Amino acid sequence: MKRSRSRWPILFLLCLLAVGAFAQQSKTKKPAKKTTTQKQAPKKQAPQKQTPKPVAQKTTTPTQPVETAAAPTSAADDEKKVRDMVAFLEYMLNTLGSSGTSARDKEVLVRESYSKVFRDGKVQVEDDLDTERKTITNKDVVAYLKDVDFFFTDVHFEFVIESIKSGTMADGKTFYKVSLRRNLKGTNSEGLPVNNTVPRFLEINYDPQDRDLRIVSIYTNLIDEKGAIEQWWTDLSYEWQEILLRAGNVSDSATYPVIKKIMAIERLDLSNNTYIQNLEPLTEFTNLKKLNLSHTAINDLNPIRSLTDLQELDASFTAVHDLTPLKYSNRLVKLNASHTFIDDISVLERMPLLQQLDLSYTPVTDFTFLQNNTELITLNVETTKIADLTALQPLTKLTTLDLSRTAVKDLSPLKDMKTLVNLDVDSTALQNIAPLSGLEGLVVLSLNATQVTDLQPLQKLTHLQKIYADHAAVRRETADAFIAAHPRVLVIFDSHDLKTWWDALPDAWKEVVSKTMKFGATPAKEELAKLDVVDSINFRGNLEIRDLEPLRKMRRLKVVIAAHTSIRDLTPLQDHKEVRYLDISETEVTDLSPIGNFSKLKVLMADKSKIEKIDPLFGLTNLEKLYTDNTMVHDIIAQEFFEKNPRCLMVYKTIHLNRWWRGLTPEWKTVFRGLMGTDTTTTRENLHVLVEREKMHIKDAPVSDLTALSEFVRPKELHFSGTGISDVAPLANFKMLTSLRITNGPLQQIETLSQLTSLEDLDISNTPIAEIKPLEMLANLKTFNAAGTQIKRLDPLKNLLNLTELDCSNTNVGKLDPVDNLPLKTLKCYNTKVSSRAIENFKQAHPDCNVVYYR
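According to mature numbering (1 follows the signal peptide of the UniProt record, and there is no 0), the sequence shown holds residues -23 to -1, 1 to 832 in order.
Now the structure itself:
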């Protein structure tokens, strides 16, 4: 009901206007053209110490009346309609001046209803509200109406019309000039009584096209606009003149056109000007859109209360204590009131377009007035008394919010702010950040000096880039775990320690780190924090680097290139378990123990280092390449390593392999290139891959000498068929050999087989072998094929208790007694001298053995 009653003054005004002069239509009217003016000498005024305000009042120049088709038809009608217009103005002013009118209704009058009687918002009204003012001052009608509300607690206007005269302008249109006495009675904003009467003049134009009356001017004194403006400029202080000349980008003398140009500026920067004490000269700068007052001596915004086009205002670091003068600045988009004495922000309810607001370091306690500022994008309330964020809950468009150094403990009201990008809660008592778990747009979160211990709620924030956690309750282990799971998120942690570390770094290391991180000699804490996520560093050839201590801070390193430096000890790297590639070639390093736990290491370059043992690497099952050329590492060490890391390529004897390759016969080179696949170049890697093969199958190749295999390191399976090999002596050192097949060839010498005790599979079929005595030492033999040989006796096999498959077909073997006690599963003995009776007896004795026999 209250809202309904508060509408009655406005409804009455509109009804009054509807029955007013010339039956004004409800459609929007076109603004009337400006009246022509006649300049008259101003009345003599008392001297004014205060800076004058210059906009002069224009008056119409009456001419002899001429008839127009659309003009009113009688003098009586003219007077009545003009009187109705004056009555409407009187009522409107009284509605504004009444303490009983709601703020909302006053706002409607100032912003909208005035346009029903005035030509436009730029109509000039000579100020008659300040009785102490000695200088003629004119202002836009909107500014004048605002001042009625601003200057008075409760006031009443009375208009007594003395005369109404009509005339015709040069374009043939009718105008009216009203002479009246205005009485003003009431109480001003300071509580003092007001009662005065002055003469006033109204000029009203008639537009025949729209059949519309509009007030175009209200004044008391007729003055010379040009002279007033020039006098206003002369009375300005030197400092103000210099400021305005610069703002208007003017270098000429301040002529009338120049001054007019200056008064039309839209931007003015007064920041850091300590000579400016007040803003009086700006009263009529109604085109201003951006005004910067920061770090000035300004303490009162009243002089700019009429700047309704203002979009940006910076009053930071001033003594301003009241924002009320901005209550009609409804177009403000950006307001900075930080470091001021503002404690009441109720006026912000009237700024629906506000997008950026800075109230930091102010004594504001009540933030409920922000609930209607739903267009806010940036809000800074650092070091204010805000504790409850409920008032911010409707601000769902916020992207940047600063709550640092406040009493905030609960972030629950922020849980639906999906657009929030930057959030600062530094130096608060905050412990729980769970409400942030759904803010998927969050990019930067500052938790410095808080009680937050858990970063888990941030796990799913895919856009998160930075977390500031200096002096927070977050433990190093928690931060490390988060960084490991989110390597793209920069966690700024222990900045002071990093700064101390940086300051203590030797110059050589500073140069290396700066080059790696791409920052300067004095890196910011964000840059130093990146040390914790840097994944590679290269200082190859820097002989000034003598130790790796600085790398302790780079715990996420995956690639470390320290080749050809003066380092000796790898201990500083012992906790760097993420390292995949390490190059310590041409260094003084002797001990690999510190990297023995590098379970993710794939490549180790240690050429020309001082290492003698590689035992610490035995457990590194992910190691793919190991380079130890020109070190003390040799074949025996390599063989031990391969037992633990059979899939790793070990490059350690390039000089020997190059010499070996050059000495090979063309036939063997052809064989080996066939084994090398598509890449047959003799790089050191390819040669090592060749000699580190575990299996080699050669068929129908014109090779006869196995000495070509002398550089092979770990052969386990050698198969030759249709070759000229006659002697296995060169295989004596291949203790790891488990399968050997030399078939369909001239093999004769097998004495060396007695040394190959790891053999499990032996095939010498279709060779001229007649004696197999060397086999009696092969206790691990499981499969033996001697088919098509000249053997007669199987006696050397009688103790081979692991033998399960035997093929002696097409031989001169006559007895099976030597293998009668063996666990044979398959026996092939067709085309031999073994009798059928012996076969039957063997089958009965070995029912599980598959015997293949025929004669």
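Yeah, the Cβ is synthetic: ideal placement off N, Cα and C, and Gly gets one too. As the structure is a prediction and not an experimental result, all values here were calculated from the model.
Identified DSSP bridge partners for residue i
i      : result
Gln333 : Lys311, Thr355
Thr151 : Thr145
Arg159 : Phe136, Val175
Lys676 : Ser698
Lys443 : Val421, Leu467
Glu289 : Lys267, Lys311
Phe819 : The partner list for Phe819 (beta bridge, DSSP) is empty, contrary to what the question assumes.
Asn276 : DSSP output for Asn276 lists no bridge partner at all.
Leu718 : In the sequence under discussion, the amino acid at residue 718 is Arg, which differs from the Leu named in the question. DSSP output for Arg718 lists His696, Asp740 as bridge partner(s).
Ile514 : Val537
Pairwise C-alpha distance: residue j and residue i
i           : j      : result
Gly163      : Asp107 : 13 Å
Asn515      : Asn350 : 53 Å
Ser698      : Asp740 : 10 Å
Lys672      : Ser742 : 20 Å
Ala747      : Lys802 : 25 Å
residue 836 : Phe95  : Here the chain covers residues -23 to 832 and nothing more, so residue 836 does not appear.
Gln433      : Asn279 : 51 Å
Val171      : Ala120 : 20 Å
Leu626      : Lys712 : 20 Å
Leu482      : Pro527 : 7 Å
Arg382      : Glu352 : 25 Å
Glu359      : Ala80  : 31 Å
Asp393      : Glu417 : 10 Å
Leu407      : Leu424 : 9 Å
Met494      : Leu708 : 55 Å
Asp365      : Ser306 : 28 Å
Arg533      : Val466 : 13 Å
Ser716      : Leu634 : 25 Å
Leu550      : Ile613 : 28 Å
Asp403      : Ile253 : 36 Å
His448      : Lys602 : 43 Å
Ser472      : Thr317 : 31 Å
Asp560      : Phe470 : 30 Å
Ile522      : Leu435 : 39 Å
Val63       : Asp212 : 36 Å
Secondary structure of residue i, DSSP reduced to three states
i      : result
Ser813 : helix
Asp184 : strand
Val132 : strand
Pro527 : helix
Arg191 : strand
Thr427 : coil
Lys362 : coil
Ser698 : strand
Pro500 : coil
Gln732 : helix
Leu259 : helix
Thr37  : In this predicted model, Thr37 has a pLDDT of only 38, less than 50, meaning its place in the structure is not dependable enough to derive any value.
Tyr68  : helix
Tyr91  : helix
Pro751 : helix
Ser76  : coil
Val59  : helix
Met494 : helix
Thr684 : helix
Asp656 : coil
Residue i Cβ short of 7 Å to the ligand HEM heavy atom set
i      : result
Ser381 : The ligand HEM is absent from the structure shown, which contains no ligands of any kind.
Below-8 Å beta-carbon distance, residue i vs any chain D residue
i     : result
Asp82 : Among the protein chains of the structure shown there is no chain D, as only one such chain exists.
Determine, using beta-carbon pairs with one atom in the stretch 539 to 548 and one in the stretch 499 to 513, whether at least three such pairs fall under 8 Å.
The stretch 539 to 548, when compared against the stretch 499 to 513, does not touch it at the 8 Å Cβ threshold.
For the 8 Å Cβ check, are there 3 or more pairs between the stretch 676 to 684 and the stretch 639 to 655?
The stretch 676 to 684 makes contact with the stretch 639 to 655; the number of CB pairs closer than 8 Å reaches 3 or more.
Entirely enclosed beta strand (DSSP E) segments - the stretch 542 to 598, minimum 3 residues
You should have 558 to 560, 580 to 582.
Is the stretch 604 to 611 close to the stretch 629 to 643, with three or more CB pairs under 8 Å?
With a cut-off of 8 Å, the stretch 629 to 643 and the stretch 604 to 611 count as touching, because enough Cβ pairs lie within range.
Runs of 4 residues minimum, wholly inside the stretch 214 to 249: which ones carry the alpha helix (DSSP H) assignment?
Taken in chain order, the whole alpha helix (DSSP H) runs of length 4 or more contained in the stretch 214 to 249 are 215 to 224, 233 to 240.
Would you be able to state if there are at least three C-beta pairs under 8 Å between the stretch 607 to 627 and the stretch 579 to 591?
A contact exists between the stretch 579 to 591 and the stretch 607 to 627.
Those runs of the beta strand (DSSP E) which lie wholly inside the stretch 764 to 803 and span at least 3 residues
The qualifying runs are 782 to 784.
Would the stretch 261 to 276 count as touching the stretch 51 to 70 if we require 3 or more Cβ pairs under 8 Å?
In this structure the stretch 261 to 276 does not touch the stretch 51 to 70; the number of beta carbon pairs closer than 8 Å is below three.
Taking three-plus beta-carbon pairs below 8 Å as touching, is the stretch 758 to 771 in contact with the stretch 789 to 801?
They touch, by the three-pair rule.
Segment contact flag, the stretch 177 to 194 with the stretch 152 to 160, C-beta cutoff 8 Å, min 3 pairs
Between the stretch 177 to 194 and the stretch 152 to 160 there are three or more C-beta pairs closer than 8 Å, enough to call the two in contact.
So, does the stretch 284 to 302 touch the stretch 311 to 331, judging by three or more C-beta pairs under 8 Å?
At 8 Å Cβ cutoff, the stretches touch.
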